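Position 3 of the sequence shown, counted from 1, bears residue number 3 in full-length UniProt numbering, the numbering being contiguous throughout.
Quick reminder that beta carbons are idealized off the backbone N, C-alpha and C, glycines included.
Please read these numbers as outputs of a predicted model, since none were measured by experiment.
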Amino acid sequence: MSTENYSPDNKDLAILRLLQKDAKLSVRDIAARINLSATPTHERIKRLERLGIIKEYTTVVDRKKVGKGMMVICMIALNAHNKKTATRFIEEVSHFREVVEFYNISGDFDFMLKILAPNMDEFHEFFVNKLSEIEGIGQTKSIFVMNSIKESGRIL
């Protein structure tokens, strides 16, 4: 079953909202909150997973408490706009643990990276010795996040 022909109903949306708030909820808890029995609730969750609507279950970690207090948004413009340059850039950046989010964007820059580091020295080390060593980078712009006002993975 493809997601192209699938449209989640109100029960599916309710399940998704609950799981986004707390992915540790049991099927029984979810079923009780959406007024459905456990078996059909479990079947709905499995279908949402199978269709790729639920991509993964994850834990939100306080980055500062695990030594990743510095957040940098880095904008990258490539010096050549061809498939080979873009593919090489994407492959290399995708392997960097420091890069926690990575987007292909439009406008003056081609990519936006969300980078976490313990401090300015570690970010500088990453930027100079890893990121800027990738062939094909034409321009960069780093924006240092002073404070997080809202961080959420919720879309519903």
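Residue pairing of PHE144 in beta bridges, as defined by DSSP: VAL72. When the Cα atoms are used, LYS84 and LEU78 turn out to be separated by approximately 11 Å. Nearest C-alpha to LEU113 among MET71, ASN147, ILE149 and LEU13: MET71. In the three-state reduction of the DSSP assignment, GLU101 falls in the strand class, which pools E and B. The three-state secondary structure of LYS114, taken from DSSP, is strand. Sorting TYR6, GLU49 and VAL60 by C-alpha distance to the C-alpha of ASP22 places VAL60 at the top. Shown here for ILE155: same chain residues with a beta carbon closer than 8 Å to its own, the five before and five after excluded, namely GLN20 in chain order. In chain order, ILE115, LEU116, ALA117 and PHE126 place their CB closer than 7 Å to the CB of GLU98, counting only its own chain and leaving out the 5 sequence neighbours on each side.
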